[in-house]
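Here the structure is laid out as structure tokens; the discussion comes afterwards.
In the working numbering, the protein residues as written are 125 to 484.
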């Protein structure tokens, strides 16, 4: 093998190692390599799930490509088309700074975790910036080499897990406009600031949004601390004690499945509760588990709520497809025996309530 070919193959191996590490961290990768500059995807990806890393590499090998993309699912990437002083100053004033930057041929990709609703691409006052976000967009990944120019997409700090990226914050357009005073320009750059009187409500709402993304309370606190510092009017004066109060409540509510977030909510059933169902005298534990999931989906967001279970009406409405009235009855009996459902008479009518079993 010639030295030139050996060098290319060495780079491919390093590139595949980088891609494997990013895939393991949760990033969704794409094979690129189509077109003169190699930046076009080699597969259709819009609306598709994350591709296996083996598939991505196999397609790249087929095309002889040294280019891969990162889909911006859960990400916001500020794609600066140039790195002149005006563009750099604009982006830092509007979006803050990310420590995770990929240098492109002419500009930079600044990586953030999804946060504020991203703005549209920016084309004003000599600033040329694309804002990439969502699973149907992508940017060229670090380590890629353009086939037309040989330029390498180089990176300083390696990308961490997505949850460890800084949160994307948009502080408003800081561009000077004709006739504005300096104080008015500063005010435009601070449009996103949340005033006193609205901060606590906003913080608790933010805690509910972020709690499922974190592995521990400390991590959630640090995210909320940064959020306050960036977004609140006089945010640095907002006390750690007040932030910890929201962290503790939200974390406990998450563990007890008291957070309702629509389709993103988790209907949690614990292993020891499954064991309790399987230990009942009923032969229909599978039915009981299916019904329990439905009940958690409908009622777990309102702890202590009492509700009716009219088996005839449930069968007629096909709540669980194909179930008969008898199947609902046997499932309810199994859940009552397991202690995961309680039944009481309220005004002469049977009312049910979801129960949680303590760990033995």
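Backbone N, C-alpha and C fix where the C-beta goes; we use that ideal spot for every residue, glycine too.
The structure displayed is predicted, hence computed values, not measured ones.
field: Option nearest residue 342 by Cα separation, candidates 137, 359 and 370
entry: Sequence index remark: in the chain shown, residue 342 carries index 218 (1-based). Taking each of 137, 359 and 370 in turn and checking the Cα distance to residue 342, the smallest one comes out for 370.
message: Quick check: what's the CA-CA separation for residue 257 versus residue 173?
response: Your numbering for residue 257 matches position 133 in the chain shown. Your numbering for residue 173 matches position 49 in the chain shown. Approximately 16 angstroms between the Cα atoms of the pair.
Minimum C-alpha distance to residue 265 - residue among 326, 211, 224 and 251: Sequence index remark: in the chain shown, residue 265 carries index 141 (1-based). Closest option to residue 265, Cα to Cα, is 224.
field: Rounded Cβ spacing between residue 153 and residue 194 (contact assumed at less than 8 angstroms)
entry: The residue given as residue 153 occupies position 29 in the chain shown. The residue given as residue 194 occupies position 70 in the chain shown. Between residue 153 and residue 194 the beta-carbon gap is near 6 angstroms, inside 8 angstroms, which marks them as a contact.
C-alpha gap between residue 208 and residue 254, whole angstroms: Along the chain shown, one-based indexing puts residue 208 at 84. Along the chain shown, one-based indexing puts residue 254 at 130. Approximately 15 angstroms, taken between the alpha carbons.
message: Can you tell me whether residue 315 is helix, strand or coil according to DSSP?
response: Working through the chain shown from its first residue, we reach residue 315 at position 191. Note that residue 315 scores 41 on pLDDT, short of 50, meaning its location in the model is unreliable; the coordinates nonetheless yield the value given after this. If DSSP states are grouped into helix, strand and coil, residue 315 belongs with coil.
query: In or out: residue 471 buried (at least 16 other Cβ within 10 Å) or exposed?
result: Stepping through the chain shown from its first residue, residue 471 is reached at position 347. Under this definition residue 471 is an exposed residue.
message: Pull the bridge partners of residue 256 from the DSSP assignment, please.
response: Here residue 256 is taken as the residue at index 132 of the chain shown, counted from 1. Paired residue(s): 201.
- prompt: Which residues does DSSP pair with residue 152 in a beta bridge?
  reply: Position 28 of the chain shown holds residue 152. 195, per the DSSP bridge assignment.
field: At least three beta-carbon pairs within less than 8 angstroms, the region 285–296 to the region 204–223
entry: Touching, yes.
- prompt: Are the Cβ atoms of residue 465 and residue 477 separated by less than 9 angstroms?
  reply: The residue labelled residue 465 in the question sits at position 341 within the chain shown. The residue labelled residue 477 in the question sits at position 353 within the chain shown. When the beta-carbon positions are compared, residue 465 and residue 477 come within less than 9 angstroms of each other.
- prompt: Excluding five sequence neighbours on each side, which residues of the same chain lie with their C-beta closer than 6 angstroms to the C-beta of residue 388?
  reply: Translated into positions along the chain shown, residue 388 becomes position 264. Note that residue 388 has pLDDT 48, beneath the 50 cutoff, so the model's placement of it is unreliable and no number is given.
- prompt: Excluding five sequence neighbours on each side, which residues of the same chain lie with their C-beta closer than 6 angstroms to the C-beta of residue 164?
  reply: Here the question's residue 164 lines up with position 40 in the chain shown. Excluding its 5 nearest sequence neighbours in each direction, residue 164 has C-beta neighbours in its own chain below 6 angstroms: 158, listed in chain order.
message: For residue 468, report the span of its beta strand (DSSP E) as first-last.
response: Counted from its first residue, the chain shown places residue 468 at position 344. Unbroken beta strand (DSSP E) run through residue 468: 465–470.
- prompt: Using a Cβ-Cβ cut-off of 8 angstroms (strictly less than) and excluding sequence neighbours within five positions of residue 413, which residues of its own chain qualify?
  reply: If you number the chain shown from 1, residue 413 lands on position 289. Excluding sequence neighbours, residue 413 sits near 393, 398 and 401.
message: My output table needs one value for residue 178: the three-state DSSP class, helix, strand or coil.
response: As a working note, residue 178 is residue 54 in the chain shown. Correct three-state label for residue 178: helix.
task: Could you pull the start and end residues of the beta strand (DSSP E) that residue 248 belongs to?
output: Indexing the chain shown from 1 puts residue 248 at position 124. Counting along the chain, residue 248 sits inside the beta strand (DSSP E) bounded by residues 246–248.
task: Enumerate in chain order the residues of its own chain whose CB-to-CB distance from residue 279 is below 8 angstroms, with the five nearest sequence positions on each side excluded.
output: The sequence position of residue 279 within the chain shown is 155, counting from 1. Here the set comprises 224, 225, 226, 227, 266 and 267.
message: Just to confirm before moving on: does the CB-CB distance between residue 366 and residue 324 stay below 9 angstroms?
response: By one-based count along the chain shown, residue 366 stands at place 242. By one-based count along the chain shown, residue 324 stands at place 200. Contact: yes.
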